[in-house]
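A short write-up of the structure that comes next.
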Amino acid sequence: AQKVTQAQTEISVVEKEDVTLDCVYETRDTTYYLFWYKQPPSGELVFLIRRNSFDEQNEISGRYSWNFQKSTSSFNFTITASQVVDSAVYFCALSEAAGNKLTFGGGTRVLVKP
Amino acid sequence: EAGVTQSPTHLIKTRGQQATLRCSPISGHTSVYWYQQALGLGLQFLLWYDEGEERNRGNFPPRFSGRQFPNYSSELNVNALELEDSALYLCASSWVARGDGYTFGSGTRLTVV
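Just so you know, the sequences run in chain order A and B. Using the working numbering, read the first sequence as starting at 1 and increasing by one per residue. Using the working numbering, read the second sequence as starting at 115 and increasing by one per residue.
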């Protein structure tokens with residue numbers, strides 16, 4: 001069975017600090033997909049990134065970066081120079097096949113104070 | 115391009131009643147997924163519909179059911195509502211054959227009193 005663990009339930013930082021969100025996953029499949037979503041107070045889940053299990057390249061998109069390490073089953077997310085607008089709940093998720101259901105971690109609430 | 119739309123935004127029902135939630139996927143997406151986000155329980159997978167068929171179901175009782183229409187829109191029905199059914203219900207759509215990711219709607223907040 002697949003499982004996603006986000007050990008940090010809440011992180012509080014001051015604006016411009018960097019923040020790293022941890023995500024550890026479990027799956028028996030060799031092909032799988034990992035995701036990060038942002039959930040602002042409005043409730044909608046905003047897609048941030050998708051990574052398949054064969055692509056271990058780290059990715060940077062603006063102030064966001066992701067570190068995928070199959071050896072430790074981790075897919076961590078870093079926000080550089082955080083801003084107040086980054087305050088939200090962030091979810092890591094796993095899908096064991098294209099189109100199959102997403103299994104979500106418990107989420108990490110990020111609070112960025114001015 | 116319009117995103118995933120859900121209606122209604124808010125719904126208040128009495129225990130024992132039935133609730134119907136609706137979802138319109140992104141144009142061209144054939145798969146619709148339903149998730150429940152109850153307070154303190156995270157996001158739980160409910161149902162997956164693709165091409166009008168139920169493809170997968172989460173660990174929920176049979177009073178949670180749904181369907182997908184020929185235009186790929188979907189309905190989630192919750193019968194015999196219980197207080198613990200109060201939650202945010204999120205719908206997502208995807209085009210599986212194209213390997214698309216999942217796009218979520220803003221959700222329906224169901225309150226059972």
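Glycine is no exception: its CB is placed at the ideal position from the N, C-alpha and C atoms.
Specify the secondary structure class of residue i as computed by DSSP and reduced to three states.
i        : result
B:Thr144 : coil
A:Asp86  : helix
B:Glu198 : helix
A:Ser71  : helix
A:Lys101 : coil
B:Tyr216 : coil
A:Arg28  : coil
B:Arg169 : strand
A:Ser65  : strand
A:Leu94  : strand
A:Glu59  : strand
B:Ala206 : strand
A:Asn52  : strand
B:Gln132 : coil
Does the distance from the C-beta atom of residue i to that of residue j stay below 9 angstroms?
i        : j        : result
B:Tyr217 : B:His124 : One point to set straight first is that residue 217 of chain B is Thr, not Tyr, in the sequence displayed. No, they are not a contact pair.
B:Glu198 : B:Val226 : yes
B:Leu157 : B:Arg171 : no
A:Tyr32  : A:Glu96  : yes
A:Arg51  : A:Phe75  : yes
A:Ala81  : A:Arg63  : yes
A:Phe68  : A:Asp86  : no
B:Leu135 : B:Val192 : yes
A:Ser53  : A:Asp29  : yes
B:Glu140 : B:Gly166 : Checking the sequence shown, residue 140 of chain B turns out to be Ile, not Glu. Cβ distance not < 9 angstroms, so B:Ile140 and B:Gly166 don't count as in contact.
A:Glu44  : B:Gly219 : yes
B:Tyr149 : A:Leu94  : no
B:Ser138 : B:Ser208 : no
Nearest by alpha-carbon distance to residue i: which of the options is it?
i        : options                                   : result
A:Gly106 : A:Arg63, A:Leu21 and A:Tyr32              : A:Leu21
B:Gln120 : B:Arg129, B:Thr128 and B:Val146           : B:Val146
B:Ser179 : B:Gln151, B:Leu153, B:Ala133 and B:Ser208 : B:Ala133
A:Thr5   : A:Cys23, A:Pro114, A:Asp18 and A:Glu17    : A:Cys23
B:Leu190 : B:Ile140, B:Cys205 and B:Glu196           : B:Cys205
B:Glu247 : B:Leu195, B:Gln182 and B:Gly142           : Since the displayed chain B opens at 115 and closes at 227, residue 247 of chain B lies outside it and no answer follows.
A:Lys3   : A:Thr27, A:Lys70, A:Glu15 and A:Glu59     : A:Thr27
A:Thr78  : A:Pro40, A:Tyr90 and A:Val46              : A:Tyr90
Over the uninterrupted beta strand (DSSP E) stretch that includes residue i, give me the two end residues.
i        : result
A:Val4   : Lys3 to Thr5
B:Arg181 : Phe178 to Gln182
What are the residues that DSSP puts in a beta bridge with residue i?
i        : result
B:Ala152 : B:Gly156
B:Tyr163 : B:Val146 and B:Glu168
A:Glu15  : The partner list for A:Glu15 (beta bridge, DSSP) is empty, contrary to what the question assumes.
B:Gly137 : One detail in the question is off: residue 137 of chain B reads as Cys in this sequence, not Gly. B:Gln120 and B:Ser188, per the DSSP bridge assignment.
A:Glu10  : A:Arg109
B:Val226 : B:Lys127
A:Leu34  : A:Arg51 and A:Leu94
A:Phe77  : A:Leu21 and A:Trp66
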